[in-house]
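Quick note on the UniProt record's numbering: the sequence shown kicks off at 1 and runs consecutively.
Here a beta-carbon is modelled for each residue, glycine too, at the ideal position from N, C-alpha and C.
Notes for the one structure printed next.
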Amino acid sequence: MDELIQRIMAAAGIEEDVAKNAIGIILGFLNKEGPEDKMQLIFDALPGAKDLVDARAEAGSGGGFLSGLGSMMGGGMGAMAALNELTNAGLDMDGVQSVVKELVSYAKEKAGDDVVNEVVSQIPGLSQIV
Numbered sequence: 001m002d003e004l005i006q007r008i009m010a011a012a013g014i015e016e017d018v019a020k021n022a023i024g025i026i027l028g029f030l031n032k033e034g035p036e037d038k039m040q041l042i043f044d045a046l047p048g049a050k051d052l053v054d055a056r057a058e059a060g061s062g063g064g065f066l067s068g069l070g071s072m073m074g075g076g077m078g079a080m081a082a083l084n085e086l087t088n089a090g091l092d093m094d095g096v097q098s099v100v101k102e103l104v105s106y107a108k109e110k111a112g113d114d115v116v117n118e119v120v121s122q123i124p125g126l127s128q129i130v
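Here is the structure:
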């Protein structure tokens, strides 16, 4: 997990706490919206990732109105809610794209292209970011 955090910090030019928060937001979104079996393979390949997601869930995401609305509606609204959380965490659009691209790249290295591509393909709009 430390390697991923360092890579995201370098790619997006952000601090460690922002990187950890962003990873938790993105993986939490993918876990909610993506295929459960494939997400489990990703969590298995990224030790510590599930802990970040669980810690965010226990603490409450704090994502604001769009987050709550997105979790009620799912799908595209879930993506908007995740984006809202990421911007609230201090990332601009370029930062969000940098974090997502680096996270997906790292996940592909560890879990395999097919697993990650399956998750990405199941979530509307995500393929446009990565």
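- In the DSSP assignment, Val116 falls within the alpha helix (DSSP H) that extends over 113-121.
- Separation of the CB atoms of Ala57 and Gly28 is rounded to 7 Å, and the pair is thereby assigned contact status at 8 Å.
- If you compare the alpha carbons of Met39, Val53, Pro47 with that of Asn117, the shortest gap goes to Met39.
- Met1 is the residue among Pro35, Met1, Val115, Pro124 whose C-alpha sits nearest the C-alpha of Gly24.
- In this structure, the beta-carbon distance from Ala22 to Leu91 falls below 9 Å.
- Setting aside the 5 residues that flank it on each side, Val130 is surrounded in the same chain by Val100, Lys101, Val104, Val120, each with a C-beta closer than 8 Å to its C-beta; the list follows chain order.
- In the DSSP assignment, Val18 falls within the alpha helix (DSSP H) that extends over 16-33.
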